[in-house]
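Trainee:
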Amino acid sequence: MPQCNRLHMVGLSAVCWALWKSRNSVCLEEKIIRSPTEIICLGSSFLSYWAGLQTPEDKACLEMGAEVMKGTALHFYPQEANPNDTGMVLLQ
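See below:
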């Protein structure tokens with residue numbers, strides 16, 4: 502959808518916010534990130550939430566982008582990480 506091109510920065514913001522929130526969870530709450538999929542799905546959920554704050558046209562674009570982001574992450578990454586790799590995603 503060409504009319505959605507102007508919302509790419511919103512998608513980038515969602516990914517950056519997800520990275521920041523995940524980093525804080527690891528550093529401050531000692532949470533273990535088992536897979537990059539967790540971070541991408543968190544970014545997708547931010548996009549879905551932010552979509553509700555937009556005009557109907559922008560809402561549809563953001564919801565579509567959130568679904569594409571989540572679908573792509575789930576396609577390329579396993580549902581569960583190898584237990585030996587736990588915590589390695591953000592530390593490498």
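Quick note: the sequence shown uses the working numbering, first residue 502, plus one each step.
Beta carbons are placed, not taken as given, at the ideal position from N, Cα and C, and that holds for glycine.
None of the values given here were measured: they were computed from a predicted structure.
Could you tell me whether the Cβ atoms of residue 574 and residue 542 are closer together than 9 Å?
Mentor: Taking the sequence shown and counting its residues from 1, one reaches residue 574 at position 73. Taking the sequence shown and counting its residues from 1, one reaches residue 542 at position 41. Against a cut-off of 9 Å, the Cβ pair of residue 542 and residue 574 comes out as a contact.
Trainee: So which of 559, 516, 550 has the shortest CA-CA distance to residue 538?
Mentor: Translated into the one-based positions of the sequence shown, residue 538 becomes position 37. Here the closest residue by C-alpha is 516.
Trainee: When the Cα atoms are used, what is the spatial distance from residue 509 to residue 549?
Mentor: Position 8 of the sequence shown, counted from the start, is the residue given in the question as residue 509. Position 48 of the sequence shown, counted from the start, is the residue given in the question as residue 549. Near 14 Å, if we compare the C-alpha coordinates of residue 549 and residue 509.
Trainee: Among residues of its own chain, excluding the 5 on either side of residue 576, which ones have a beta-carbon nearer than 6 Å to its beta-carbon?
Mentor: For the purposes of this step, residue 576 is taken as residue 75 along the sequence shown, with counting starting at 1. Correct list: empty, nothing qualifies.
Trainee: Counting only the same chain and skipping the five closest in sequence on each side, list residues whose C-beta sits under 6 Å from that of residue 544.
Mentor: The count along the sequence shown starts at 1 and reaches residue 544 at position 43. Excluding sequence neighbours, residue 544 sits near 515, 516, 519.
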